[in-house]
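Numbering (the numbering used here), first residue to last: 3 to 363.
Where a beta carbon is used, it is the ideal one built from N, C-alpha and C, also for glycine.
Down below is the structure, laid out as structure tokens.
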Amino acid sequence: MILYKNGLALLGDKLVKTDIVANHGKIIEISTEIVPDEQTEVVDCTNRYILPALVDIHTHGANGYDFNTADTDGMKKILDFYIAHGVGTVFPTVMTDDEERICHQLELIVQLAKDYPEIKGIHLEGPFLSEKFCGAMPVQHLRNPSADLFFKFQKHANGMIKIVTVAPELPKAVEFIGEISDTGVVVSLGHSGANGETVQKAIKAGAKSFTHWGNAMSQLDRHDLNMAGSAMLSDNFCEVICDGKHVQKDVFRLLVRTKGLDKVVCITDSIMATGLPDGDYTLAGNDVVVVNGDARLKSNGVRAGSTLDAYTGLANAVSFTGLPLHQAIRMWTVNPARLVGLSHRIGTIEIGKDADFILFG
3 MILYKNGLAL LGDKLVKTDI VANHGKIIEI STEIVPDEQT EVVDCTNRYI
53 LPALVDIHTH GANGYDFNTA DTDGMKKILD FYIAHGVGTV FPTVMTDDEE
103 RICHQLELIV QLAKDYPEIK GIHLEGPFLS EKFCGAMPVQ HLRNPSADLF
153 FKFQKHANGM IKIVTVAPEL PKAVEFIGEI SDTGVVVSLG HSGANGETVQ
203 KAIKAGAKSF THWGNAMSQL DRHDLNMAGS AMLSDNFCEV ICDGKHVQKD
253 VFRLLVRTKG LDKVVCITDS IMATGLPDGD YTLAGNDVVV VNGDARLKSN
303 GVRAGSTLDA YTGLANAVSF TGLPLHQAIR MWTVNPARLV GLSHRIGTIE
353 IGKDADFILF G
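Below is the structure:
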């Protein structure tokens, strides 16, 4: 057993001075009256915050590697970077690529998850995306939605794909969304030029989320909600890259006010350059240049993911919204846990949940 002693823990919406006991990875006691026995390891948390570990459901890489190209050793370096920056749950995100490469990388992630319990699912971003709104995706590998192809990927992932991003305007996309949603996979709408009517059909079919809101999607105008406006008006969750570049900070604040705090999910969308100096990198075979932390394709200047780490993203969420930490952190913990059906295990500090928290200070 491990006793975390005299910490200031975030319990619900309050910071409370308390002790926490964890055993076999689960929280078994929260109290101010705990006396350890000789077998209990004691961690002194005096003058330290105990916060729920952060959840990143959309991230491609860090530390010089990404999930589309890394071998197992490279993936371990990515995971170690995440853990060092406050992430307790991660969904490695595999983007559009050659079909067989996707299958191979999914298999590697499944094997890695045996040693890294932080991996609780996989996000498949593509290949069922719009060419016009492909962003940094390799166009030659885009495909129309196919349940057969998705289930092939899911077989190689041993059922670990929990989120798939889809453009709902593509042929038979709405039918695809219904079929995949029925299996319990979260369908997130993204890389799409869909109009409002099409988005509504996709939501009715089962789509539950929007991928990196504001980016690689049709924007709100006075004649049509399109993707961005439909996301704001819907009850669906919205991912948002919390770096101040992909979505300007005042627009981020507007999104939170419009959607409500409980429907915004912060993500990093980080690439291999995260944690490293400016310079030349790659993303799924495309050349990327990073200047002042801003990653863009060399070919056309389109943004190519971020260099954001989760700790910085949490600080940004507080700064951009003006919300106190105990509220802003929900976008990095409670909300993503709810979206992917893991709120019974992670996202808050409660008896019976995973002992999945970070020490600050």
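Would you grab the beta carbon distance between isoleucine 52 and glycine 9 for me? Rounded to a whole angstrom, and I think it's under 8 Å.
4 Å
Does the segment 306-317 come close enough to the segment 80-90 to have 3 or more Cβ pairs within less than 8 Å?
The segment 306-317 is in contact with the segment 80-90.
Output yes or no for whether 8 Å exceeds the beta carbon distance between tryptophan 334 and cysteine 268.
With a cutoff of 8 Å on beta-carbon distance, tryptophan 334 and cysteine 268 are scored as near each other.
Do the CB positions of valine 342 and valine 188 come within less than 8 Å of each other?
yes
Could you have a look at isoleucine 29 and say whether DSSP puts it in helix, strand or coil?
strand
Determine, using beta carbons only, whether proline 129 and isoleucine 111 come nearer to each other than 8 Å.
no
For leucine 151 and leucine 361, the rounded distance between their alpha carbons
42 Å
Option in Arg305, Ala330, Val304 with minimal Cα separation from glycine 315
Ala330
Please list the terminal residues of the continuous alpha helix (DSSP H) segment that includes phenylalanine 152.
First-last of the alpha helix (DSSP H) with phenylalanine 152: 149-158.
Output needed for glutamate 177: all residues of its chain with C-beta closer than 7 Å, excluding positions within five of it in sequence on either side, in chain order.
none
Can you give me the C-alpha to C-alpha distance between asparagine 49 and isoleucine 30, rounded to a whole angstrom?
Near 22 Å, if we compare the C-alpha coordinates of isoleucine 30 and asparagine 49.
Separation of valine 293 from threonine 260, as counted between CA atoms
32 Å
Same chain only: Cβ atoms within 6 Å of valine 44, ignoring 5 sequence neighbours per side:
Leu5, Lys7, Pro38
Counterpart residues of leucine 13 in DSSP-defined beta bridges
Lys16
For isoleucine 353, count neighbouring C-beta atoms within 10 Å of its own C-beta (all shown protein chains included) and say buried if the count is 16 or more, exposed if not.
exposed
Per DSSP, proline 54 forms a beta bridge with which residues?
Phe359
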